[in-house]
Amino acid sequence: MSNKTISIAQENKLFDGIDVSSYQGTIDFNRVKASGIDVVYIKAGEGGQITDPYFKQNYLKAARAGLIFGAYYYVTAKNTSEAKAQANDFFNLIRATSFNARPAMDFEDFSGMEREDINEIGLTFLEELERLTKITPMIYTDASSAKTIWSDAFSKYPLWLADYSERDEFPPDITVWESWTGFQYSNTGTVPGISGNVDLNKFRDGILISLSDSDSSSEKDNTVEYIVRPGDTLWQIARRYETTVPAITALNGIADPDLIYIGQILRIPEMQR
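Numbering (the UniProt record's numbering), first residue to last: 1 to 273.
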């Protein structure tokens, strides 16, 4: 891995991370975790309802290895209708998983498009994804596009910046965002457990899904929020709240009841008195 130093604000926790897709093939996530990697972003799919063939195995193995993990989607939309459809496709891919890092939009193919159209499409995708997930998504972009493409409307979305230059701090000429939440500093990294090159990143704790990101309607729909602690199982949580495991898995879109993660936010059916 690169020994490049990335400067950060002292109050922010910093995580070493990678992002992966079918390009990396089969990954040994236990070795990845043991090497010091904290976070993995996994490609879920791309425009036209194309699912990354390694998506499911990657997120299941990453979860079992104890990694913080999130998903990204490669947007190919050329109009707002396609953008909305692709946001729905992304949501349908991740709704039954239990990611603990916010979802990300990777929109970088701007061929034949004007800046105004790019902004409209990108904003439509992010707004629709946020509406569906109740989580503020992140935007992945390179330093040049961050400076010249994206409008102030995108400043509310955490920035995942790709910049492979030798600079060791946030590019000073990017004005829409004050700082980055993710920083992809190399696309030629090597990590144990992965054959070939992989993208290397630094992530701040702003990638983590927090209580403020979760559905604010919990008081209205007779649920309470619970943060998973070390040693918890769904059976124990269900017993504590006098509910059932199927009720919790259905409410939270959990596909595998044996897979819950420390720090995960669960909505629990409120006990009936």
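Cβ coordinates follow ideal geometry from the N, Cα and C atoms, glycine included.
| I209: buried (16+ other C-beta within 10 angstroms of its C-beta) or exposed? | Sequence index remark: in the sequence shown, residue 209 carries index 209 (1-based). By the 10 Å Cβ count, I209 comes out buried.
| request: Going by DSSP, name the residue or residues bridged to E225. | output: Here residue 225 refers to the residue found at position 225 when the sequence shown is read from its first residue. The partner list for E225 (beta bridge, DSSP) reads R267.
| message | Which same chain residues end up closer than 6 Å to N187 when comparing Cβ atoms and leaving out the 5 residues on each side of it in sequence? | response | For the purposes of this step, residue 187 is taken as residue 187 along the sequence shown, with counting starting at 1. Correct list, in chain order: D199.
| alpha helix (DSSP H) segment containing W235, residue limits | Against the sequence shown, residue 235 aligns to sequence position 235. Start and end: 234 to 240.
| Through-space distance from N88 to A153, alpha-carbon basis | Residue 153 sits at position 153 when you count from the first residue of the sequence shown. Residue 88 sits at position 88 when you count from the first residue of the sequence shown. For A153 and N88, the distance between alpha carbons rounds to 21 Å.
| query | Using CA coordinates, which residue listed in A62, K61, A85, L266 is at the minimum distance from G45? | reply | One-based indexing of the sequence shown puts residue 45 at position 45. Of A62, K61, A85, L266, the residue nearest in Cα terms is A85.
| task | Could you spell out the range, first to last residue, of the alpha helix (DSSP H) harbouring A153? | result | The sequence position of residue 153 within the sequence shown is 153, counting from 1. Segment: none, A153 is in no alpha helix (DSSP H) and carries neither H nor E.
| query | So, helix, strand or coil for S218, using DSSP? | reply | As a working note, residue 218 is residue 218 in the sequence shown. Caution is warranted here: a pLDDT of 40 is assigned to S218, below 50, making its placement in the model unreliable, and no coordinate value can be reported.
| said: Does the segment 14 to 26 come into contact with the segment 182 to 197, if we say contact requires no fewer than three beta-carbon pairs (one atom in each stretch) closer than 8 Å? | reply: yes
| query | What whole-angstrom Cβ distance do K61 and F99 have, given they're in contact under 8 Å? | reply | Numbered from its first residue, the sequence shown carries residue 61 at position 61. Numbered from its first residue, the sequence shown carries residue 99 at position 99. Wrong, their Cβ atoms sit about 14 Å apart, outside the cutoff.
| message | Going by beta-carbon coordinates alone, are V191 and V32 separated by less than 8 Å? | response | The count along the sequence shown starts at 1 and reaches residue 191 at position 191. The count along the sequence shown starts at 1 and reaches residue 32 at position 32. Yes, these two residues count as a Cβ contact at 8 Å.
| Between the beta-carbon of P158 and the beta-carbon of G122, is there less than 8 Å? | The residue labelled residue 158 in the question sits at position 158 within the sequence shown. The residue labelled residue 122 in the question sits at position 122 within the sequence shown. No, Cβ-Cβ distance for P158 and G122 is not below 8 Å.
| field | Rounded distance between the beta-carbons of I94 and A71, thought under 8 Å | value | Locating residue 71 in the sequence shown gives position 71, where the first residue counts as 1. Locating residue 94 in the sequence shown gives position 94, where the first residue counts as 1. The Cβ separation is near 5 Å, so the contact holds.
| query | Which one of F15, S145, D232 has the shortest CA to CA distance from E114? | reply | Sequence index remark: in the sequence shown, residue 114 carries index 114 (1-based). Ranking F15, S145, D232 by Cα distance to E114 puts S145 first.
| task | Drop a sphere of 10 angstroms on the beta-carbon of G48, count the other beta-carbons inside from all chains shown, and report buried for 16 or more, exposed for fewer. | result | Residue 48 sits at position 48 when you count from the first residue of the sequence shown. By the neighbour-count rule (16 or more Cβ atoms within 10 Å), G48 is not buried but exposed.
| Got a sec, what are the start and stop residues for the alpha helix (DSSP H) A65 sits in? | Position 65 of the sequence shown, counted from the first residue, corresponds to residue 65. Neither: A65 is in no alpha helix (DSSP H) and is coded neither H nor E.
| said: Assuming the contact rule is C-beta atoms closer than 8 Å, D16 and K202 should be a hit. Round their C-beta distance to whole Å, please. | reply: As a working note, residue 16 is residue 16 in the sequence shown. As a working note, residue 202 is residue 202 in the sequence shown. Yes, D16 and K202 are in contact; Cβ-Cβ is about 7 Å, under 8 Å.
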